[in-house]
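The opening residue of the sequence shown carries number 1 in UniProt numbering; numbering runs sequentially from there.
Accompanying notes for the structure given below.
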Amino acid sequence: MATRNPSLNITPSLKRNHGQQRSAADDELMGARGDWWWTGLKPTACPGFDEEAGVLRSLPLPNPATATRQQVIDYFDNCWTQTEVLFACLQGNDAFYRQPYHQLRHPMVFYYVHPAVLYINKFRVAGLLDEGIDQFIEQLFETGVDEMSWDDLSQSREDWPSIRDCHAYRKTAYDMILRMLKTTPALQGPATWDTPGWAIFMGFEHERIHIETSSVLIRELPLECVRKPEYWPDYHPSSSEASSTVPKQGSDFPANPLLHVAGSRVVLGKPDDFPSFGFDNEYGRKEIEVPAFRASKFKVTNGEMAAFVRGGGYSAKRWWSEEGWSWRTFRNVKWPTFWVLDGPSGLHRYKLRTLFDAIEMRWDWPVDVCYHEAAAYCAWKTAQDSQVIKYRLITEAEHNLIRSKRDRVDVHLSSGSGAAAAAAGAPAAGGKGKAAAAVIEIGAVAAGVAAAPAAAAAASNVDMAMEVSGCNAAKVAGANFQLAYGSQSPVTALPPSEAGFHDVFGNAWEWAEDHFAAFAGFKVHPYYEDFSSPCFGGLHHMILGGSFMSTGQLASKWARYQFRPHFFQHATFRLVQSAAVDLSLYDTEAASPEAPILPFFETSCMDAAEPYVGDHPCCSKARRERFTPTREEEVERNNAKLAATKQSYETDALMGQYLSLHFGPLEVAFADYLAEIGILADGLDFPKKCGDMVTSWAANTGIPTGRALDLGCAVGRSSFEMARMFQQVVGIDLSQTFIDMANQMKTDGSVGYRLKVEGDIATEVVAKIDPAIDASRCTFLQGDACALPADLGTFDAVLAANLLCRVPDPALCLKQIADAVNPGGVLVLTSPFTWLEEYTAKAKWVGGTVDEAGNALRCADALKAMMAEHGFSVLDEGKAPLVIRETVRKYQLILAHKLVLQKAK
1 MATRNPSLNI
11 TPSLKRNHGQ
21 QRSAADDELM
31 GARGDWWWTG
41 LKPTACPGFD
51 EEAGVLRSLP
61 LPNPATATRQ
71 QVIDYFDNCW
81 TQTEVLFACL
91 QGNDAFYRQP
101 YHQLRHPMVF
111 YYVHPAVLYI
121 NKFRVAGLLD
131 EGIDQFIEQL
141 FETGVDEMSW
151 DDLSQSREDW
161 PSIRDCHAYR
171 KTAYDMILRM
181 LKTTPALQGP
191 ATWDTPGWAI
201 FMGFEHERIH
211 IETSSVLIRE
221 LPLECVRKPE
231 YWPDYHPSSS
241 EASSTVPKQG
251 SDFPANPLLH
261 VAGSRVVLGK
271 PDDFPSFGFD
281 NEYGRKEIEV
291 PAFRASKFKV
301 TNGEMAAFVR
311 GGGYSAKRWW
321 SEEGWSWRTF
331 RNVKWPTFWV
341 LDGPSGLHRY
351 KLRTLFDAIE
361 MRWDWPVDVC
371 YHEAAAYCAW
381 KTAQDSQVIK
391 YRLITEAEHN
401 LIRSKRDRVD
411 VHLSSGSGAA
421 AAAAGAPAAG
431 GKGKAAAAVI
441 EIGAVAAGVA
451 AAPAAAAAAS
461 NVDMAMEVSG
471 CNAAKVAGAN
481 FQLAYGSQSP
491 VTALPPSEAG
501 FHDVFGNAWE
511 WAEDHFAAFA
521 GFKVHPYYED
531 FSSPCFGGLH
541 HMILGGSFMS
551 TGQLASKWAR
561 YQFRPHFFQH
571 ATFRLVQSAA
581 VDLSLYDTEA
591 ASPEAPILPF
601 FETSCMDAAE
611 PYVGDHPCCS
621 KARRERFTPT
631 REEEVERNNA
641 KLAATKQSYE
651 TDALMGQYLS
661 LHFGPLEVAF
671 ADYLAEIGIL
681 ADGLDFPKKC
691 GDMVTSWAAN
701 TGIPTGRALD
711 LGCAVGRSSF
721 EMARMFQQVV
731 GIDLSQTFID
741 MANQMKTDGS
751 VGYRLKVEGD
761 IATEVVAKID
771 PAIDASRCTF
781 LQGDACALPA
791 DLGTFDAVLA
801 ANLLCRVPDP
811 ALCLKQIADA
821 VNPGGVLVLT
831 SPFTWLEEYT
841 AKAKWVGGTV
851 DEAGNALRCA
861 DALKAMMAEH
871 GFSVLDEGKA
881 PLVIRETVRK
891 YQLILAHKLV
901 LQKAK
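Encoded structure:
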């Protein structure tokens with residue numbers, strides 16, 4: 001199985017191999033397509049044909065409420081023929097049937113037929129067609145692949161129909177659809193959400209989705225499988241310019257400053273009465289208060305990404321998320337997927353893979369990456385720029401604030417119109433897609449033509465995807481979309497938005513921090529029930545703004561699309577940084593450019609409408625695990641972890657286990673093990689042995705025996721054993737139930753308890769203290785090991801047995817222990833190092849981690865290094881086994897690490 005992009009395996013000459021033996025089926029699929037290929041209109045006769053350039057471009061997105069029947073047919077022909085122009089690039093049978101290198105999608109033959117099948121199936125669901133064409137094909141080509149993970153590989157089938165059979169199906173489907181469009185009553189009035197005509201526009205925009213997604217799969221094919229087809233728009237003129245091997249900022253790509261954006265309220269969601277087709281996820285309402293932020297003026301370029309590549313960013317684990325690093329290593333990725341190595345890898349010479357060619361590297365074009373790569377670059381760039389506030393990606397709400405006013409999704413809210421009232425919660429007139437007024441020409445508004453309030457509102461709330469075709473998109477909308485070009489373009493090529501940002505729409509999608517989620521008011525459309533809802537789960541990241549390949553609804557300001565974070569979709573990113581952050585709220589001593597602060601920011605997926613709430617930690621304002629906590633939030637988190645720890649010990653069953661562990665009696669609780677030798681025998685009476693360890697090392701070192709501390713004392717056995725030598729012993733435990741039991745043992749000298757045998761069967765047992773022990777020397781207190789009382793004082797000896805991996809902040813706990821030990825005093829630590837994130841955040845573990853080079857940091861080594869910094873030296877190190885009884889037939893054997901330390905005098 002190939003794991004890396006096939007572009008990485010292209011020979012340095014980059015020449016296509018046309019010398020292979022071909023079949024008869026190959027012959028008609030090589031070179032330019034003959035007239036037989038076109039199942040609908042030929043490109044030269046198709047609406048949207050640019051006669052001056054000799055290419056087919058996209059038509060504007062139509063208004064379903066006002067479009068004439070002929071305009072609908074024209075738009076259909078434009079979609080249909082664009083698909084066939086694109087697929088005319090595929091050379092030979094193999095190009096249609098070969099499995100994609102990543103095995104996450106079907107071969108191209110599926111996407112050649114799938115849009116036609118969806119038209120037929122959805123039109124039957126809507127009642128526009130009575131019968132299908134071929135049940136086998138309409139089932140085989142009905143559903144694509146939505147891979148769950150980067151290693152969730154699809155096994156391709158071998159029984160795909162021949163291209164001629166697929167072509168015949170498309171021809172029959174075209175004729176059937178065209179007849180329907182010419183005669184259906186569904187186009188005699190407005191097509192709205194609740195009418196069969198909505199399915200017609202749904203079919204168009206679904207096909208446009210696959211024009212774009214298919215172009216990415218084509219870009220991933222080996223060069224010998226493709227050629228630039230006739231009638232396809234030319235690449236941007238910059239594609240033929242010379243390129244530097246080592247890019248320089250200012251000459252090969254622009255400097256990319258971060259521009260300030262003031263905070264503002266943003267209302268997301270498409271009004272029900274906006275006059276264009278929309279998929280179900282666009283509708284509803286979500287209000288977000290966006291704090292001030294900074295964002296890069298341009299999308300990140302290939303030139304900027306080159307520094308990350310040359311600086312070893314792809315091989316440095318510290319910049320990557322855990323999932324991102326797993327993906328990177330699985331795919332063996334070393335540079336962006338559409339960079340083509342042009343010589344030995346150490347030279348860092350690359351060409352750029354476009355749809356059909358490998359051209360000289362365009363350093364000033366946006367870099368194509370997946371979400372994982374974008375996030376890793378942000379982490380690396382934060383360190384490079386010595387920032388303590390982390391760079392990140394943009395959010396859906398923030399993206400609206402870098403747009404020009406006309407392109408914001410909530411611009412209508414300031415118009416005082418009926419549309420504004422609908423968005424603010426008033427009922428919409430006529431349902432989705434039915435507008436009170438048609439979209440007004442942009443030029444008329446700009447020229448100061450008077451309009452009624454409703455018309456003025458409609459004019460202010462325009463969608464440029466409805467205003468421009470591929471012929472004038474760059475000039476009128478200032479955007480590289482609608483197939484204005486057949487490639488990306490320099491990030492400086494088109495004018496900025498009113499806010500000063502380039503390529504807010506078009507050129508390349510922008511990865512966002514938001515996961516895909518529903519707005520309040522979301523409803524599944526009955527014609528396409530699985531379009532959006534399967535992706536509402538906190539696993540798909542949003543992409544915003546469209547690309548050069550985005551046409552129709554994909555180029556709309558309302559478009560909301562998503563992909564898994566390892567997916568490629570002509571997508572790049574823009575650096576964003578939270579602004580006006582009050583650093584006094586954070587622990588800045590713990591922050592650095594390599595461990596920066598990530599302040600909380602709200603995304604559109606947070607607290608989404610039920611039942612479409614994602615499981616990811618960022619999908620709720622209440623769950624903020626991915627963000628840096630403020631000092632106050634850190635206290636709350638630690639308290640929550642302490643509460644979880646405390647609750648886990650507050651049960652009768654656990655009390656019985658601990659009493660048997662501490663006090664036995666051994667001949668009752670561990671009768672079957674008394675005759676054992678070795679580790680099982682060594683594991684009996686663990687709390688007594690811990691107390692004995694402290695007293696024996698106190699004697700060996702000759703320290704004073706005034707005060708001792710038993711931190712995490714449970715029901716007190718170790719404390720009582722230390723009282724044989726020390727004049728005062730303080731036992732502290734988080735569990736008040738344990739402390740109450742320890743005090744009862746101190747007062748009464750014994751206590752009865754039920755020792756579990758099996759099921760509901762238990763035996764009555766009495767736990768006793770050795771009468772020779774002066775229990776009055778012991779004091780038991782309920783307390784937090786990470787927040788010891790200020791008046792606790794210091795101690796000659798401290799025991800912390802199996803405590804460390806059950807506190808929320810082990811480093812803080814160890815510092816407090818170190819401060820509590822008198823100079824020359826003895827410290828005994830035992831721990832099984834069973835770290836669990838429900839008790840201790842992974843970032844706070846003492847060891848138990850693997851660095852970017854794959855080196856394991858063992859807990860014992862990390863603990864010794866940490867204690868050395870506190871002035872302790874090692875007296876002894878080894879194992880401390882213990883056996884815990886659960887029932888007469890189930891015991892836990894734990895082999896804890898033992899460390900005996902002495903503090904410098």
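Each residue gets a CB set at the ideal place from its N, CA and C atoms; glycine is no exception.
{"Check": "By the 10 Å Cβ neighbour count, where 16 or more other Cβ atoms means buried, how is Glu-529 classified, buried or exposed?", "Outcome": "exposed"}
{"Check": "Mapping DSSP to helix, strand and coil, what is Lys-879?", "Outcome": "strand"}
{"Check": "What are the complete beta strand (DSSP E) segments, minimum 3 residues, inside the region 462–546?", "Outcome": "509–515 and 541–544"}
{"Check": "The alpha helix (DSSP H) spanning Glu-652 covers which residue range?", "Outcome": "Looking at the sequence shown, residue 652 is not Glu but Asp. 652–663 is the span of the alpha helix (DSSP H), which, as asked, contains Asp-652."}
{"Check": "Does the distance from the CB of Ser-321 to the CB of Leu-59 come in under 8 Å?", "Outcome": "no"}
{"Check": "To the nearest angstrom, how far is the alpha carbon of Phe-573 from that of His-348?", "Outcome": "22 Å"}
{"Check": "Count the CB pairs spanning the region 315–334 and the region 516–533 that are closer than 8 Å, and state whether there are at least three.", "Outcome": "no"}
{"Check": "Use the C-beta contact count for Glu-373: other C-beta atoms within 10 angstroms, 16 or more gives buried, fewer gives exposed.", "Outcome": "buried"}
{"Check": "Which residue wins for smallest C-alpha separation from Phe-96, given the options Asp-26, Pro-43 and Asp-134?", "Outcome": "Asp-26"}
{"Check": "How close, in whole Å, do the beta carbons of Leu-104 and Met-466 come, if the pair is a contact with beta carbons under 8 Å?", "Outcome": "So it is not a contact: roughly 33 Å between Cβ atoms."}
{"Check": "Check Arg-353 in the structure and name its three-state DSSP category.", "Outcome": "strand"}
{"Check": "Using a threshold of 8 Å, state whether the C-beta atoms of Leu-899 and Phe-686 are closer than that.", "Outcome": "no"}
{"Check": "Where do the N-terminal and C-terminal ends of the alpha helix (DSSP H) with Phe-123 fall, by residue?", "Outcome": "108–125"}
{"Check": "Indicate the three-state DSSP secondary structure (helix, strand or coil) for Ile-133 in the structure shown.", "Outcome": "coil"}
{"Check": "Can you have a look at Ala-324 and say buried or exposed, based on whether 16 or more other CB atoms are within 10 angstroms of its CB?", "Outcome": "According to the sequence displayed, residue 324 carries Gly and not Ala. Buried is the call here."}
{"Check": "Round the Cβ separation of Leu-863 and Trp-697 to the nearest angstrom and send it over; I've been treating them as touching at under 8 Å.", "Outcome": "Rounded, the Cβ-Cβ distance is 18 Å, inconsistent with contact."}
{"Check": "With Tyr-174 and Gly-40 assumed to form a contact (beta carbons below 8 Å), what rounded beta-carbon distance in angstroms separates them?", "Outcome": "5 Å"}
{"Check": "Starting from the N-terminal side, write out each stretch of the beta strand (DSSP E) that is 3 residues or longer and does not extend beyond the region 727–774.", "Outcome": "728–733, 750–758 and 761–768"}
{"Check": "Using three-state DSSP, classify Ala-450 as helix, strand or coil.", "Outcome": "In this predicted model, Ala-450 has a pLDDT of only 33, less than 50, meaning its place in the structure is not dependable; the value taken from the coordinates is given anyway. Note: Ala-450 maps to coil in three-state DSSP."}
{"Check": "Using only the alpha-carbon positions, how far apart do Ala-429 and Pro-190 sit?", "Outcome": "Any answer about Ala-429 is weak, because its pLDDT of 33 lies below 50 and its placement is not dependable; what the coordinates show is given next. Approximately 13 Å, taken between the alpha carbons."}
{"Check": "I'd like to confirm the pairing. Which residues does DSSP put opposite Trp-339 in its beta bridges?", "Outcome": "Leu-352"}
{"Check": "From Ala-714 to Ala-801, what distance separates their C-alpha atoms?", "Outcome": "10 Å"}
{"Check": "For Asp-252, collect the residues of the same chain with a Cβ closer than 8 Å to its Cβ; drop the 5 residues on either side in sequence, then sort them by chain order.", "Outcome": "Ser-243, Ser-244, Gly-303, Trp-363 and Asp-364"}
{"Check": "Can the beta-carbon of Val-216 be found closer than 8 Å to that of Phe-568?", "Outcome": "yes"}
{"Check": "Could you check if Trp-835 is buried or exposed, using at least 16 other CB atoms within 10 Å of its CB as the buried criterion?", "Outcome": "buried"}
{"Check": "Determine the extent of the alpha helix (DSSP H) in which Lys-381 is found, giving its start and end residues.", "Outcome": "371–384"}
{"Check": "Applying the criterion that 16 or more other CB atoms from any shown protein chain within 10 Å of the CB defines a buried residue, is Glu-398 buried or exposed?", "Outcome": "buried"}
{"Check": "Buried or exposed, going by whether 16 or more other CB atoms sit within 10 Å of the CB of Phe-49?", "Outcome": "buried"}
{"Check": "What's the C-alpha gap between Ile-894 and Pro-832?", "Outcome": "7 Å"}
{"Check": "Short of 6 Å in beta carbon distance, which residues of its chain neighbour His-897, apart from the five on each side in sequence? Order them along the chain.", "Outcome": "Ser-831 and Ala-860"}
{"Check": "Compute the Euclidean distance between the alpha carbons of Ala-671 and Val-850, then round it to the nearest angstrom.", "Outcome": "42 Å"}
{"Check": "My assumption, with CB atoms under 8 Å, is that Ala-699 sits in contact with Met-722. Please give the rounded CB distance.", "Outcome": "With a Cβ gap of about 12 Å, Ala-699 and Met-722 do not count as contacting."}
{"Check": "Can you give me the start and stop residues for the alpha helix (DSSP H) that Ala-579 sits inside?", "Outcome": "Looking at the DSSP string, Ala-579 is not in any alpha helix (DSSP H), and its letter there is neither H nor E."}
{"Check": "Under 8 Å between the Cβ atoms of Met-361 and Tyr-377?", "Outcome": "no"}
{"Check": "Do Ala-775 and Gly-752 have their beta-carbon atoms positioned less than 8 Å apart in this structure?", "Outcome": "no"}
{"Check": "Per DSSP, which one or two residues make a beta bridge with Asp-784?", "Outcome": "Ala-787"}
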